[in-house]
Structures are given as C-alpha cells and as structure tokens.
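Colleague: I am attaching a structure below and will ask some questions about it afterwards.
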Amino acid sequence: MLGGLVTVRATPRSARRAHPEPGEPDARRTTRLARTVTYGLCGGLLLLGIAQVEIWPLSAFRLFSGVRGPEATSWQVVVVDSDGSERLLDLAGMPDRVGLPHHLLPRLVDASPAVREEVLETYVEAAGAGTSAVRVRVYRVVSRTSTEPDVANIQLSRHVAYEVGLP
425 MLGGLVTVRA
435 TPRSARRAHP
445 EPGEPDARRT
455 TRLARTVTYG
465 LCGGLLLLGI
475 AQVEIWPLSA
485 FRLFSGVRGP
495 EATSWQVVVV
505 DSDGSERLLD
515 LAGMPDRVGL
525 PHHLLPRLVD
535 ASPAVREEVL
545 ETYVEAAGAG
555 TSAVRVRVYR
565 VVSRTSTEPD
575 VANIQLSRHV
585 AYEVGLP
C-alpha cells in the first residue's frame with residue numbers, strides 16, 4: 425500500500441542472540457573457564473621464568489634477562505693438534521643435538537671429567553675437526569664491551585677453564 429501503514433513482524437537482532445545473558449548458568453560456566461585458563465597460563469609462565477626452565481614453545485625469558493655491564497664473558501673451544509697448534513672451533517653452526525654452547529660451556533666448569541669429555545667430543549665431531557686433534561681446550565675470555573658500532577671489544581683476559589684429551 426502506498427499511503428498506508430505497513431507492519432512487518434521480524435525478530436529483532438537482540439532477540440536472536442547466540443550467547444546467554446550474564447547471570448545465566450552457561451555464561452557463568454564460560455566466564456569461570458576463561459578465568460581458569462587465563463590464570464593457569466599466567467601462573468605457568470611465571471613459574472617457568474622463576475625456575476628458568478626452557479620448554480618449547482615457552483621460555484624462561486633469557487633473551488633480555490642478563491645484565492650487560494662493561495665486561496662480557498665468552499667461551500672459546502679450540503682443538504690442539506699433535507704439533508701443539510690450536511684451531512678455534514666454529515660453534516655457531518652446531519646442530520641442535522649438540523646443545524647451545526653459550527649455555528652449556530659455563531656449566532661444564534663444575535661438571536665431571538666424563539661429562540666434559542662427552543660434550544667436547546661431540547662438539548669436535550660436529551665441527552669435523554677431529555682428524556688430527558689430540559686435545560680440546562675451553563678458554564674463558566673476558567672482554568670490555570664497546571658501545572661504539574665500529575669499535576671492537578677489547579680482550580682483557582683469556583685463560584684455560586678446562587681441557588680434555590681426545591681418544
């Protein structure tokens with residue numbers, strides 16, 4: 425009708441709701457579940473950070489947690505040939521089965537000789553440098569860090585932390 429009043433009965437959008445109103449049993453259950461999951465995840469992350477446990481894909485937040493002062497400590501692994509010459513091992517390309525050298529090498533200072541030998545033999549084997557090597561030395565290097573982009577760090581000290589004979 426052109427001039428008359430047309431009444432259309434449609435269900436308003438507010439009446440067609442997919443979620444229950446607050447206070448209904450399903451809404452309370454959903455809210456409780458969401459809070460439980462949220463608190464559980466936050467608590468789990470907090471515990472991993474405190475315990476410093478690395479469980480993939482969660483982290484102990486070590487990337488930015490270390491204090492960076494004017495001096496830095498690094499570790500060098502060298503193989504010693506039968507003539508006494510030393511060759512530095514490239515630890516950057518170590519496979520995952522070997523472990524992260526910057527986390528593992530400091531821990532070996534207090535480890536038993538058998539554990540040191542096992543880890544260092546694995547490093548030498550992974551680097552492919554064991555053909556003429558008779559010993560492996562691990563050096564603890566302390567350097568003064570530079571804040572300038574074009575200035576290299578200055579090595580302050582370098583001493584043998586531990587040494588292992590190869591079979």
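Residue numbers for the sequence shown follow this note's numbering, so the first one is 425 and each next one is one higher.
Quick reminder that beta carbons are idealized off the backbone N, C-alpha and C, glycines included.
Predicted model, so just to flag it, every value in this text is computed and none were measured.
What separation, rounded to the nearest whole angstrom, lies between the Cα atoms of Arg-452 and Val-461?
Modeller: One C-alpha to the other measures close to 14 Å.
Colleague: Return the chain-ordered list of same chain residues with a C-beta closer than 6 Å to the C-beta of Ala-475, the five sequence neighbours on each side being excluded.
Modeller: Cβ neighbours of Ala-475 beyond the five flanking positions: none.
Colleague: Our contact map puts Asp-514 next to Ser-556 with C-beta atoms below 8 Å; I'd like the distance itself, whole angstroms only.
Modeller: Actually they do not touch by this definition, with Cβ atoms about 17 Å apart.
Colleague: What did DSSP end up calling Met-425 once you bin it into helix, strand or coil?
Modeller: Residue confidence is low: Met-425 scores 47 on pLDDT, short of 50, so the model does not pin down where it sits. No coordinate-derived value is stated.
Colleague: How many angstroms separate the CA atom of Gly-517 from the CA atom of Gly-467?
Modeller: Distance between the alpha carbons of Gly-517 and Gly-467 is about 35 Å.
Colleague: Hey, Val-565 and Gln-500: beta-carbon distance below 8 Å or not?
Modeller: In this structure, Gln-500 lies closer than 8 Å to Val-565 by Cβ.
Colleague: What is the rounded straight-line gap between the Cα of Gly-493 and the Cα of Thr-454?
Modeller: If I take the Cα positions, the gap works out to 48 Å.
Colleague: Can you grab the Cα-Cα spacing for the pair Pro-525 / Leu-457, in whole Å?
Modeller: Their Cα atoms are separated by approximately 42 Å.
Colleague: Compute the distance between the beta-carbons of Ser-567 and Ser-509, then report whether it is under 8 Å.
Modeller: No, they are not a contact pair.
Colleague: Can you give the Cα-Cα distance for Ala-585 and Tyr-547, rounded to whole angstroms?
Modeller: Distance between the alpha carbons of Ala-585 and Tyr-547: 16 Å.
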